[in-house]
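> Chains as they are written, first to last, in our numbering: chain A, 625 to 756; chain B, 22 to 770.
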Amino acid sequence: MAELRYPLGEHNRADVRSQTGKSADELTVADIRAGTITAADAAVDPDTLRRQAEFAERGGNPQLADNLRRGAELALFSDDDVLRFYDALRPGRSSVAELQTIAAELEAGAGTRCAALVHEAIAHYTRRGLIS
Amino acid sequence: MEPAEGTSRRSAFYATRTISRDVVVPEYPELGLIAFASPNDPEPSIRVENGRIVEIDGRTEADFDLIDAFLASHGINPAVAEEAMALDDLAFARMLCGHDVPRTEILRLVEGMTPAKVARILGLLSPLELMQAMAKMRARRTPSIQAHVTNRIDHPLLIAADAASAVALGFRELETTVPVLRDAPLVALALLIGSQVPAPGALTQCSVEEKTELELGLRGLTTYAETVSVYGTEQVFLDGDDTPWSKALLASSYASRGLKMRFTSGSGAEVLMGGAEGKSMLYLEARCVAITRAAGSQGTQNGGIDGINVTGSVPNGMREILAENVMATLYGLESCTGNDTQMSASDIRRTAHTLPLLLAGSDFLFSGFGSIPSYDNTFGASNFNAEDIDDYMMIQRDWGFEGVLRSQGDDTLLPLRRRAAEACRAVLDELDLMTFDDAELERVVTAHGSLDVSEHQTDETARAGDAIIEREITAVDVVRALSIRGFELEAERVLEMTRQRLFGDHLQTSAIFAEDMSVLSALTDPNDYAGPGTGYRPSSVRLDEMARVRQERSHVELLAEQAPHAGCVVLTERGPAAIRPRPDEVVIGISPAFGVDVWLTLSGLTVGEALRQILAGIEEEGVHARVVRVTHSLDLGMIGWTAANLSGSGVALGIQGKGTALIHRADLPTLANLELLSMAPLIDDSRYRLMGRNAARHARGEKPSPVLLPESGEPMGPRYHAKVVALINRESQCLRAGNPQEIEVTWPS
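#1: Between B:W420 and chain A, is the shortest Cβ-Cβ distance under 7 Å, so that the two count as touching?
#2: Which of the three DSSP states, helix, strand or coil, is assigned to B:V728?
#3: Mind checking B:L210: buried by the 16 CB within 10 Å criterion, or exposed?
#4: Which residue comes first and which comes last in the alpha helix (DSSP H) that contains A:I726?
#5: List, in chain order, every chain A residue whose beta-carbon is nearer than 8 Å to that of B:H95.
#6: Identify each residue in the stretch 706–722 of chain A for which the Cβ-Cβ distance to at least one residue of chain B is less than 9 Å, and report them in chain order.
#7: Under a Cβ-count criterion, where at least 16 other Cβ atoms within 10 Å of its own Cβ denotes burial, should B:A771 be classed as buried or exposed?
#8: Quick one: list the residues of chain B neighbouring A:H748, beta-carbon separation under 7 Å, in chain order.
#9: Between which residues of its own chain and B:L305 is the CB-CB distance below 6 Å, once the five residues before and five after are set aside?
#10: Is B:G325 closer than 7 Å to B:G359 when the C-beta atoms are compared?
#11: Rounded to the nearest angstrom, what separates B:L767 and B:V590 at their Cα positions?
#12: How is the alpha helix (DSSP H) around B:S273 delimited, first residue to last?
#13: Going along chain B, which residues have a C-beta under 8 Å from A:S756?
#14: Could you give the first and the last residue of the continuous alpha helix (DSSP H) run that contains B:R520?
#15: Sorted by chain position, which residues of the same chain lie with C-beta nearer than 6 Å to B:L130's C-beta, five sequence neighbours on each side aside?
#16: Determine the burial state of B:N71: buried for a count of at least 16 other Cβ atoms within 10 Å of its Cβ, exposed for fewer.
#17: Taking the alpha-carbon positions, what's the A:D678 to A:G684 distance?
#18: Nearest-angstrom Cα distance between A:A666 and B:P265?
#19: Is the CB of A:T672 under 7 Å away from at least one CB in chain B?
#20: Taking Cβ-Cβ distances shorter than 8 Å, what residues in chain A pair up with B:R464?
#21: Can you find a CB in chain B that lies within less than 7 Å of the CB of A:Q676?
#22: On the three-state DSSP scale, how would you describe B:S471?
#23: Can you have a look at B:P34 and say buried or exposed, based on whether 16 or more other CB atoms are within 10 angstroms of its CB?
#24: Note down, one range per segment and in chain order, each alpha helix (DSSP H) of at least 4 residues found wholly within the stretch 149–211 of chain B.
#25: Among the residues of its own chain, which have a CB less than 6 Å from the CB of B:P727, if the five just before and after it don't count?
#26: Quick one: list the residues of chain A neighbouring B:V75, beta-carbon separation under 8 Å, in chain order.
#27: Return helix, strand or coil for B:M339, following the three-state DSSP convention.
#28: Quick check on the DSSP output: what are the complete beta strand (DSSP E) runs of length 3 or more inside the stretch 32–111 of chain B, in order along the chain?
#29: Hey, is A:G633's beta-carbon within less than 7 Å of any beta-carbon in chain B?
#30: Can you confirm whether A:E699, when its beta carbon is compared against all beta carbons of chain B, has any partner nearer than 7 Å?
#31: Along the alpha helix (DSSP H) that carries B:G238, what are the first and last residues, could you check?
#32: Report the neighbours of B:G317 on chain A: residues whose CB is nearer than 7 Å to its CB, in chain order.
#33: Please list the terminal residues of the continuous alpha helix (DSSP H) segment that includes B:P604.
#34: Below 8 Å on the Cβ atoms is my guess for B:A168 versus B:L195; work out the distance and round it to an integer in Å.
#35: Less than 7 Å between C-beta atoms, sequence neighbours within five positions excluded: which residues of the same chain meet that for B:G759?
#36: So B:L271 contacts chain A; which residues on that side make the cut at Cβ distance below 7 Å?
Okay, here's the thing in structure tokens:
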């Protein structure tokens with residue numbers, strides 16, 4: 625694969641692929657009309673987000689890089705899962721066991737950074753009385 | 022009516038001024054009603070043990086609230102903390118506005134600072150120093166601007182048309198919201214379509230409750246999010262139904278779908294929600310901004326926002342707002358700098374709030390300039406609204422700062438609005454969501470606001486919104502519908518916004534798409550301001566664009582009204598003017614171009630009519646009148662004085678083509694006069710007649726009461742001076758040496 629340079633859309637338009645392996649220019653209006661391209665073909669690949677994380681880190685923002693790496697993990701989960709994880713982390717929504725289940729789900733899906741975030745939340749939510 | 026005992030009419034007048042509707046309060050630190058340095062703010066402190074932060078601003082690990090705990094584990098950089106916290110506040114404040122220490126070094130040091138430290142440093146800066154710091158520290162070199170695009174009835178075609186207008190004016194992010202939550206998917210879809218009609222690449226968002234907003238993003242109906250609110254105290258954060266951890270996961274959720282996102286905070290929010298814990302506004306905002314960075318948001322919308330009127334109610338409130346904006350930049354965040362809520366009933370005060378930031382520049386000068394009329398702004402009126410667009414363009418022209426907008430006339434806007442409304446109508450019809458007839462579409466195209474379209478909202482918009490969710494309609498469906506209905510250009514542009522998710526380039530700090538779809542971000546377009554001659558400067562092409570405002574008139578245009586009145590009086594030169602032929606006369610001295618190249622006075626009277634009234638007034642007093650043309654000077658004093666020296670009575674009346682008139686006497690200094698009517702736009706026919714009569718009475722040695730101009734508060738200069746300059750130019754082109762000429766006056770039959 626060619627060297628990836630920011631902005632990817634400018635330097636690596638043909639190299640970057642969606643989760644289903646499509647390049648941007650393979651997402652065509654004609655194929656959408658023909659029904660051979662769906663919304664799922666426009667999902668960003670986790671590796672792309674990790675590459676963006678490296679750019680962010682080089683740009684001096686490690687927190688943004690962390691966020692993009694967590695995003696890379698969530699990229700492989702469904703919309704419903706993502707909405708459910710977020711909801712569960714809101715205050716007073718979940719028991720410790722429920723949060724642990726979510727952390728386990730995340731870990732099972734290679735979402736170790738997100739899982740770590742949930743484990744951290746469990747500790748602080750317990751300490752500050754935010755457990756349902 | 023007599024004023025009440027002990028009060029003046031002046032006081033009663035003040036009570037009628039708009040500023041009197043603004044209610045402000047003294048500082049109440051216990052309620053958090055204090056901009057800077059509450060007595061309850063903690064002393065800045067940090068303690069690092071084995072690479073872990075165990076104390077922040079006087080609070081130790083065991084007592085950390087959620088905000089402290091999150092900052093300790095994700096925010097403050099322990100490797101820099103001790104170095105940064107040991108810096109002298111004043112020394113660091115000086116680094117912010119000088120040019121010796123580069124931006125990147127400031128960013129490195131702030132990573133190690135606590136909120137109390139950052140707030141204390143920013144409290145040391147004067148307004149001017151805050152502006153300097155803003156210019157130096159903002160992330161993106163090229164400023165941008167965001168619009169509110171909403172209407173009170175959630176009319177989708179109007180949303181689409183107004184989105185097109187906004188992009189045509191130069192807005193690069195469009196934010197909408199809805200009075201009825203169920204309408205949100207429909208309005209987001211309409212905004213997306215309209216936003217891509219004039220040019221590609223504008224980002225769109227729909228500000229609603231966090232989870233719904235995320236859902237709209239996941240479906241591709243929006244391309245960024247902003248309503249991700251954080252607060253400076255734990256209690257208010259929880260009242261906002263989130264924690265730093267849920268917000269961090271939310272941020273990652275957006276990233277996971279290739280969606281741009283920024284957090285929102287702003288002073289006054291904690292006070293409004295009754296949970297400021299007695300802390301100053303800037304200290305609480307420092308906690309918000311620190312959390313924003315720690316959670317991995319690329320940027321923030323701050324600077325008052327919904328709480329601006331709380332901040333505006335305390336002393337130094339607007340300096341605090343600017344300090345908040347600067348604070349965002351110190352954390353390396355995209356600064357989307359408020360100005361999105363009307364902060365005063367007074368036009369002067371609300372402008373004063375916004376101007377310093379405009380001159381300093383930011384990533385987004387407004388996080389919602391109301392591109393629609395105030396009444397249609399469902400966020401509430403912005404600090405600047407559609408009503409103020411021309412004022413904004415003019416201020417941009419005056420100062421030559423990059424305000425990002427450009428003037429557009431109906432010749433440009435109407436076809437774009439039509440295209441947007443038609444594209445939106447076609448998609449709604451193709452997707453079986455809603456239908457609109459041609460008459461409704463026409464009303465949308467030419468509308469100023471929703472009152473021009475419809476009085477009422479039906480349940481149809483909510484049902485269409487429900488259908489979008491139930492049928493899982495996405496941006497891809499919008500692309501298909503646009504293409505099927507022949508809107509190929511828009512289909513391609515909406516699809517390109519979807520394709521961009523594959524790259525995620527717009528997830529980097531301060532990223533926007535330019536109209537050529539190039540990415541401008543802190544990585545491609547970093548702010549390199551370091552004093553005069555550096556940083557962003559508008560190009561000559563751009564300055565020229567800024568100069569072309571709706572009110573600009575060339576001399577040719579300004580003088581176009583003259584020609585139709587040519588010949589309204591015939592003034593024929595009959596040789597050198599006679600000198601004092603009879604004592605009972607008034608001489609009327611006319612200027613070089615009067616009735617030659619200048620035919621219409623500033624009041625709209627023709628020069629012929631003005632002269633006829635003057636002659637009639639003199640005649641009414643039984644005095645003889647004679648007209649001479651002064652050709653060697655266009656100065657009214659000199660014209661009048663020259664004529665007076667030809668007058669047998671020593672009294673003359675001088676008049677310029679633009680209508681300014683005076684009465685002069687030969688024994689006075691040139692620049693003196695007996696009476697002067699300097700406000701030519703206010704001189705009507707009756708006043709010219711009175712001038713004639715008064716000149717005659719002066720000639721007879723009487724002392725008439727001077728002619729008064731009508732009372733007017735309207736400033737004459739801005740309205741008339743461009744025309745004055747054009748008319749004076751004509752006068753000077755008619756100048757010629759030599760003695761005054763006797764004039765024979767005749768009237769065309």
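Each residue gets a CB set at the ideal place from its N, CA and C atoms; glycine is no exception.
Quick answer:
#1: It does not: the Cβ of B:W420 has no partner Cβ on chain A nearer than 7 Å.
#2: coil
#3: Burial call: buried.
#4: Run containing A:I726: 720–732, per the alpha helix (DSSP H) assignment.
#5: Q687, D690
#6: V706, L707, F709, Y710, D711, A712, L713, R714, P715, G716, R717
#7: Lying before the first or after the last residue shown, residue 771 of chain B is absent from chain B, which here runs from 22 to 770.
#8: Per Cβ cutoff of 7 Å: L87, A90.
#9: Correct list, in chain order: G253, E291.
#10: yes
#11: Per the sequence presented here, residue 767 of chain B reads as Thr, with Leu not at that position. Roughly 6 Å between the two C-alpha positions.
#12: 265–277
#13: In chain order: nothing, as chain B lies at least about 13 Å away.
#14: Unbroken alpha helix (DSSP H) run through B:R520: 509–524.
#15: Shown here for B:L130: same chain residues with a beta carbon closer than 6 Å to its own, the five before and five after excluded, namely A105 in chain order.
#16: exposed
#17: Strictly speaking, residue 678 of chain A in this sequence is Glu, with Asp absent from that position. So the alpha carbons of these two residues sit roughly 10 Å apart.
#18: 30 Å
#19: yes
#20: Within 8 Å Cβ-Cβ: nothing; B:R464 doesn't reach chain A, min ~31 Å.
#21: yes
#22: helix
#23: The sequence shown places Phe at residue 34 of chain B, rather than the Pro named in the question. Its Cβ having fewer than 16 others within 10 Å, B:F34 is exposed.
#24: 177–190
#25: E696
#26: Simply none; closest approach about 15 Å.
#27: helix
#28: 67–70, 73–77
#29: yes
#30: A quick correction: the sequence has Ala, not Glu, at residue 699 of chain A. By this cut-off, A:A699 is an interface position.
#31: 231–239
#32: Q687, L688, D690, N691
#33: Looking at the DSSP string, B:P604 is not in any alpha helix (DSSP H), and its letter there is neither H nor E.
#34: 5 Å
#35: T652, H653
#36: Y710
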